[in-house]
Amino acid sequence: MPSVRKRTRQATTGIHSQRMAAEVFERKKLFLEMFNKSLGNVSLAANAANVDRKTVYNWLANDPSFSTKFDEVREVKVDFVENELLKNIKAGNVTAQIFFLKCQGKSRGYIERVEYTGPDGDPISVSMERGDMPDDALLSVMQTLAKIDPGLLAAINPQRAPAKTAKAAGKKAPKK
């Protein structure tokens, strides 16, 4: 049977662990309240709850319940901002309308970036025959293609691709 001293220490340790767990629970709860009030800003919420940001990220990594509640607050924030965006769209805010169309209207052509692909989304296949093309015109075409994709020139004609020298890579050439 353990000594009185050992049993006292175990009981004290158990009480201390329970207090620590309750303290951490309250800190997490306070952080989540501040996180909600700050519309999902981790730094503001951590400062308001007197918690280090690293601690918050440790909680996220190690406490699934905390992580779920954290994600719920983030979703509320997205819902809030989405609602504000819709209010602005209804009010005739052209910037908000354009933003919405760029994000949600891509399938209808409301997009700034255009991607070119071959059939079925495959890469574009390029083939050309020199024919009577003068050397300077061929060189111009190859330089233009190299600007679009530096690896393209090597794929077209490995002998014409610029060699990667130590100097071109920003390194000193080895001494002979």
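Under numbering that gives the first Met the number 0, the first residue of the sequence shown carries the number 0, and numbering increases by one thereafter. Built from N, CA and C at the ideal position, the CB exists for glycine as well. From a predicted model like this one, the values you see are computed outputs, not experimental measurements.
Apart from the 5 residues on each side of it in sequence, R26 sits with its Cβ closer than 7 Å to the Cβ of A48, V50 in its chain, given in chain order. Distance between Q96 and N35, taken at the CA atoms: about 27 Å. In the structure shown, the three-state DSSP call for V50 is coil. Ranking Y109, T116, V41 by CA distance to the CA of K76 puts V41 first.
The C-beta separation of R52 from A45 comes to about 5 Å, placing the pair in contact by the 8 Å criterion. M132 and F98 have their alpha carbons spaced roughly 46 Å apart. One thing to note: G39 has its Cβ within 8 Å of the Cβ of V72.
In this structure, I123 sits near T116, with a CB-CB distance shorter than 8 Å. Taking all protein chains in view, the Cβ of M33 is crowded by 16 or more other Cβ atoms within 10 Å, so the residue is classified as buried.
In this structure, the CA atom of A90 is about 41 Å from the CA atom of P63. Around the beta carbon of L31, a 10 Å sphere encloses 16 or more other beta carbons of the protein chains shown; the residue is thus reported as buried. L100 and S37 have their C-alpha atoms spaced approximately 28 Å apart.
Counting along the chain, no alpha helix (DSSP H) covers E111, and no H or E run does either.
Here F79 is exposed, its C-beta having fewer than 16 other C-beta atoms within 10 Å. In the three-state reduction of the DSSP assignment, M19 falls in the helix class, which pools H, G and I.
For the pair R129 and L138, the CB atoms are not nearer than the 8 Å cut-off. I88 carries a helical assignment under DSSP once its states are collapsed to helix, strand and coil.
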